[in-house]
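Protein chains in written order, with the UniProt record's numbering: chain A, 1 to 347; chain B, 1 to 347.
All residues carry an ideal CB built from backbone N, CA and C; glycine is no exception.
If you're wondering where the values come from, they're calculated on a predicted model, not measured in any experiment.
Number of protein chains: 2
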Amino acid sequence: MARNEHRTASTLPVTPPTLADVAERAGVSRQTVSNAVNNPDLLRPDTLERVRQTIAELGYSPNRAARNLRTRTSSLIGLRFAPAQEGTANAAMDRFVHSLVEASEGVGYHVLLFPGDDEDPIGGYDNLLRSTAVDAFVVTDTYLGNPQAAWLSQQRAPFVAFGRPWHDDEARHVWVDVDGAAGIALATQHLIDRGHTRIAWIGWRKDSPIGEDRRSGWVRTMHQNGLSTTGLASRVEDVVHSGAEAAAVLLDESAPTAFVCASDTLAMGVLHTLWIRQLAPGRDIAVVGFDDSQVAQVYPVGLTSVRQPLEDVAVEIIRTLRALLTHQPVETRGILLEPTLAIRESS
Amino acid sequence: MARNEHRTASTLPVTPPTLADVAERAGVSRQTVSNAVNNPDLLRPDTLERVRQTIAELGYSPNRAARNLRTRTSSLIGLRFAPAQEGTANAAMDRFVHSLVEASEGVGYHVLLFPGDDEDPIGGYDNLLRSTAVDAFVVTDTYLGNPQAAWLSQQRAPFVAFGRPWHDDEARHVWVDVDGAAGIALATQHLIDRGHTRIAWIGWRKDSPIGEDRRSGWVRTMHQNGLSTTGLASRVEDVVHSGAEAAAVLLDESAPTAFVCASDTLAMGVLHTLWIRQLAPGRDIAVVGFDDSQVAQVYPVGLTSVRQPLEDVAVEIIRTLRALLTHQPVETRGILLEPTLAIRESS
DNA sequence: CACCTCGATTGGATCGATCTAGGGCGATCG
DNA sequence: CGATCGCCCTAGATCGATCCAATCGAGGTG
């Protein structure tokens, strides 16, 4: 609302009004104006009203740099921004970043992007941290076994990770993650409910903890429903043609009626094989992917896919970050959110 | 390189070293240290070396807030970040943002994201501008007829637009854009070279200047090659099923052998219709899309698509922005870049 | 009535960098 | 040999906000 009042000043003067200008015009001290902005409760109602009036008239807005210098904060959150790998369907970053920006805005933060350099994974972090350019970081690539989390912890830099510390049991930082196993369980149960019993899994190589986690959701749900998983699993690279090949082999050897995939990329491979074999997705064979990427949404036969609640992830991250930065006790070290299933024609 | 030297200081002290600390330790004045960082030429070589040594030892890095306050700059570039619309294939933003972040880094800038609100399109800009939180903006949504460009011009705020000012002949701001007509011309010529003569166009509604521009590339190239365009064009909404319907109608009425589309989204629709009619993309009918989105890359039958040189766009934008901010004369008011064609199996 | 409390307000110091003006000193020149 | 010039460097002021300690006046207490 204060924001709208400012708008009334239509043209920005050559040099914007300062707190001192407001103070003089309103006939109060600088501190009083500062309080009007930051601690309105301290002012007498009539004084507050007068100061606010003046602020609106002048279109005053506190100078960020000055405030940052004095308070030793920046209201900025650093995020290393790496683009989606070309050739994969993973466009989740886009949605996540947007959610993060929105959630940040809500509590007065802004998101600062900096480039990632795989050869020097902590370079960007180090610079921003040392020059006190950001208050905290959101780390999104912990799963790569990258040293950021450990390094930031050691530097006592505030940060929250999107992603569990899979390898490192000693990691003591806070994190938010999505329960991939639960998502795949959801997908598997969905297929079972549709009457499928021979449901195949196409996932990533064994050295991917995320992949193994998702796979466990499939195994668990199959077994809970008394179904066998033998001969129905495949572990491949996360590229389209690997998914296609795996699907071909599984169809020949085990005759599944449905596929659950660790990614939309792999699911696209499955769809390709079905297309070649003149099998109709959804009618002849069901397919489910993971990430609800644009590909899943735009593909002519809509691809059913596990959708991560990235909006909620962002909100939780910001909430936790705020707690960290205001030195409130952080309740839990990790937060695990449940994905949903975007059901389309392919299942 | 300075960056790496800093790294040697392994643990961040509770309060980072200041310029004064460096000065005292090196036995010089604060200004000399400042010069060592910003104007090394002013120092005698031996003094410079000594100061640099000390900077490295202490792991000093200038405090951003203090510098910003004094210099009245922030080294930040504001970018309103709206997510790709769900249900369309447009993931170009992702790639563009990354390119922008990279290009910014190169000249010492960082990218600050802020959320967009369609109901209050200038709110975010106004806030950041008035609080001197950013030095400049990159505006990406000029084509919507949004008032940002005009408003920012009026405020004398430095900004560069990605996108031409289509409607507004009086717009005097600088911009960078991609020549969509040239891209479609490229695609059309490519199809003609492959022997196609009946090439259809599926584009957007007439009120989209971008769509009409792209369309003109098709018209121009067809005519240049002595080919007719009558009965071969369709203008629809940018959603998959509209593309599918348009393709069906065109196939029935005009029997084209190839389709050029204004977007990958529409191209997906065409592919869907081909699939239903058991026509093989690339063999029976050629299809070309626009934007080289992830969908185009991941779709099992790779979709040939016009690819915008977003990396170059980002570089040009940053270059122009720097010129603006350092008050150098800006050579040209607008820069138009040529797209390329990512050729895949669909053509 | 002197003393104390408490809410509202104030002036000076401060955050850490850069800008400005000027000082020291050796080399050059009349 | 003293004046002048340039190079290298220094000290104090400054950017615009917030922190801190202190002040002022009104009201309550013994």
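Using the C-alpha atoms, what's the distance from valine 313/B back to threonine 340/B? As a working note, residue 340/B is residue 340 in the second sequence. As a working note, residue 313/B is residue 313 in the second sequence. Cα to Cα, the separation comes out at about 13 Å.
Bridge partners for tryptophan 175/A per DSSP, in chain order? Here the question's residue 175/A lines up with position 175 in the first sequence. Bridge partners of tryptophan 175/A: Ala161/A, Gly334/A.
Terminal residues of the continuous beta strand (DSSP E) containing valine 28/B? Here residue 28/B refers to the residue found at position 28 of the second sequence. Note, valine 28/B: premise wrong, no beta strand (DSSP E); not H, not E.
CA nearest to the CA of glycine 78/B, picked from Leu43/B, Tyr109/B, Thr71/B, Leu42/B: Mapped onto the second sequence, residue 78/B falls at position 78. Taking only the C-alpha atoms, the option nearest glycine 78/B is Tyr109/B.
Going by the DSSP bridge assignment, what does glycine 203/A pair with across the sheet? Position 203 of the first sequence holds residue 203/A. Partner(s): Arg235/A.
How would you label leucine 42/B, buried or exposed, when you count the other beta carbons within 10 angstroms and need 16 or more for buried? Reading the second sequence from its first residue, position 42 is the one you call residue 42/B. Looking at its Cβ environment, which holds fewer than 16 other Cβ atoms inside 10 Å, leucine 42/B is exposed.
On the DSSP letters alone, give me the boundaries of the beta strand (DSSP E) that isoleucine 77/B sits inside. Numbered from its first residue, the second sequence carries residue 77/B at position 77. Element bounds for isoleucine 77/B: 76–80.
Please report the distance separating the alpha-carbon of proline 329/A from that of isoleucine 55/B. In the first sequence, residue 329/A corresponds to position 329, counting from 1. In the second sequence, residue 55/B corresponds to position 55, counting from 1. Those two C-alpha atoms are separated by around 36 Å.
Helix, strand or coil, according to DSSP, for histidine 196/B in the structure here? By 1-based counting over the second sequence, the position of residue 196/B is 196. It is coil, neither helix nor strand.
Burial state of residue 353/B, where buried means 16 or more other Cβ atoms lie within 10 Å: The first residue shown for chain B is 1 and the last is 347, placing residue 353/B beyond what the model contains.
Are there 16 or more other CB atoms within 10 angstroms of the CB of aspartate 118/B, so buried, or fewer, so exposed? Sequence index remark: in the second sequence, residue 118/B carries index 118 (1-based). Answer is exposed; the Cβ neighbour count stays below 16.
Proximity to threonine 304/B [Cα-Cα], best of Ser293/B, Ile318/B, Gly289/B, Gly180/B: For the purposes of this step, residue 304/B is taken as residue 304 along the second sequence, with counting starting at 1. Measuring from the Cα of threonine 304/B, the nearest candidate turns out to be Gly289/B.
With DSSP as the reference, please indicate the residues paired to arginine 307/A in a beta bridge. Numbered from 1 along the first sequence, position 307 holds the residue referred to as residue 307/A. For arginine 307/A, the pairing in a beta bridge is given by DSSP as Thr340/A.
Proximity to glutamate 105/B [Cα-Cα], best of Glu212/B, Pro147/B, Gln308/B, Arg322/B: For the purposes of this step, residue 105/B is identified with residue 105 of the second sequence, where counting begins at 1. Of the listed residues, the one whose Cα sits closest to glutamate 105/B is Arg322/B.
Would you list, in sequence order, the uninterrupted alpha helix (DSSP H) runs of no fewer than 4 residues that lie entirely inside the segment 86–152 of chain B? 92–106, 123–130
Bridge partners - glycine 289/A, DSSP secondary structure assignment: Position 289 of the first sequence, counted from the start, is the residue given in the question as residue 289/A. Ser305/A.
Since residue 368/A sits in a beta bridge, which residues does DSSP pair it with? The structure shown does not extend to residue 368/A, since chain A is modelled only from 1 to 347, so the question has no answer here.
Could you have a look at alanine 255/B and say whether DSSP puts it in helix, strand or coil? Here residue 255/B corresponds to residue number 255 of the second sequence, with the count starting at 1. Three-state DSSP puts alanine 255/B in coil, outside helix and strand.
Taking the alpha carbon of residue 363/A as the reference point, which residue from Val107/A, Asp120/A, Ala133/A has its own alpha carbon closest? The structure shown does not extend to residue 363/A, since chain A spans only 1 to 347, so no value can be given for it.
Looking only at its own chain, which residues have a Cβ that is under 7 Å from the Cβ of alanine 248/B, when we skip the five neighbours before and after it? Walking along the second sequence from the start, residue 248/B turns up at place 248. Cβ within range, chain order: Thr273.
Using only the alpha-carbon positions, how far apart do serine 34/A and glutamine 148/B sit? The residue given as residue 34/A occupies position 34 in the first sequence. The residue given as residue 148/B occupies position 148 in the second sequence. When rounded, the distance between both Cα atoms is 30 Å.
Go through its chain and collect everything with a Cβ distance to threonine 140/B's Cβ below 6 Å, but skip five positions before and after it. Position 140 of the second sequence, counting from 1, holds the residue named residue 140/B. Phe162.
If you measure from the beta carbon of aspartate 94/B to each beta carbon in chain A, is any gap under 7 Å? Within the second sequence, residue 94/B is the residue found at index 94, counting from 1. Closer than 7 Å: yes.
Which bits of chain A does tryptophan 166/B rub up against, with CB to CB less than 7 Å? Translated into the one-based positions of the second sequence, residue 166/B becomes position 166. Within chain A, no residue comes near tryptophan 166/B; the closest Cβ sits about 26 Å away, beyond 7 Å.
So with CB distances below 7 Å, who are the chain A contacts of alanine 182/B? Mapped onto the second sequence, residue 182/B falls at position 182. In chain order: nothing, as chain A lies at least about 23 Å away.
State the Cα-Cα distance for the pair serine 216/B and histidine 327/A, rounded to the nearest angstrom. To locate residue 216/B, count along the second sequence from 1; it is residue 216. To locate residue 327/A, count along the first sequence from 1; it is residue 327. Cα to Cα, serine 216/B sits roughly 60 Å from histidine 327/A.
Give the straight-line distance between the Cα atoms of aspartate 284/B and glycine 302/B, rounded to the nearest whole angstrom. In the second sequence, counting from the first residue as 1, residue 284/B sits at position 284. In the second sequence, counting from the first residue as 1, residue 302/B sits at position 302. Each residue's alpha carbon lies about 15 Å from the other.
Run the CB neighbour count on asparagine 68/A, radius 10 Å, all protein chains shown included, and call it buried at 16 or more, exposed below. For the purposes of this step, residue 68/A is taken as the residue at position 68 of the first sequence. It is buried - the Cβ of asparagine 68/A has at least 16 other Cβ atoms within 10 Å.
Rank Ala26/A, Asp126/A, Leu266/A by C-alpha distance to the C-alpha of serine 61/B and give the top, closest one. The residue labelled residue 61/B in the question sits at position 61 within the second sequence. Taking only the C-alpha atoms, the option nearest serine 61/B is Asp126/A.
Tell whether a beta-carbon distance below 7 Å holds between valine 240/A and methionine 268/B. Taking the first residue of the first sequence as position 1, residue 240/A is located at position 240. Taking the first residue of the second sequence as position 1, residue 268/B is located at position 268. Not a contact, by the Cβ cut-off of 7 Å.
Return the bridge partner residues of valine 260/A from the DSSP annotation. Taking the first sequence and counting its residues from 1, the one referred to as residue 260/A is at position 260. Its beta-bridge partners are Trp201/A, Val288/A.
Cβ-Cβ distance between arginine 307/A and alanine 262/A below 7 Å: As a position in the first sequence, residue 307/A is number 307, starting the count at 1. As a position in the first sequence, residue 262/A is number 262, starting the count at 1. Against a cut-off of 7 Å, the Cβ pair of alanine 262/A and arginine 307/A comes out as no contact.
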